[in-house]
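Here is the structure we will look at.
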Amino acid sequence: MKIKLELFGVCREFSDNDFLNFDFDQDIEIKDLRKEVENFVSKQFPENKNFLEMVKKSAFSSEANEIVGDDFKLNKNQTISIIPPIGGG
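So that you can map any letter, position 15 of the sequence shown is 12 in our numbering, and since no number is skipped, the others follow by simple counting.
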């Protein structure tokens, strides 16, 4: 399952692109994607604890531009957006 994560706000600093791609072997929910993004940020930016906190506090939005909860089930080849809190939380 391929998931494209669109990056907004400070999260754009996670990549030279405005997105990150993730591959999963099974169906996942937003909480699984959040964990994967946390792992990515921890590995790519080990000294920047602010980035990790930003991921933990961010909301996620579906392709329909609706905020979705951690139990939202993702579909194959779906695009999701990560939306950091305004003003850092």
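C-beta atoms are modelled at their ideal positions from N, C-alpha and C, and glycine is treated no differently. Just so you know, these numbers come straight off a predicted model, no measurement behind them.
message: For K(-1) and K70, I'd like the C-alpha separation in whole angstroms.
response: One C-alpha to the other measures close to 13 angstroms.
field: Exposed unless 16 or more other CB atoms sit within 10 angstroms - verdict on I83
entry: So I83 counts as exposed.
query: Near E26, which residues of its chain fall below 8 angstroms by C-beta distance, leaving aside the five closest residues on each side in sequence?
result: So the list reads D67, D68, F69, K70 and L71, once near-sequence residues are dropped.
query: Out of curiosity, what's the CA-to-CA distance linking D22 and K73?
result: Between D22 and K73, the C-alpha separation is close to 10 angstroms.
- request: Hey, could you find the ends of the beta strand (DSSP E) L2 is sitting in?
  value: DSSP places L2 in the uninterrupted beta strand (DSSP E) bounded by K(-1) to L4.
- prompt: Under a three-way DSSP split, which group does Q41 fall into?
  reply: Judged by DSSP in its simplified three-state form, Q41 adopts helix.
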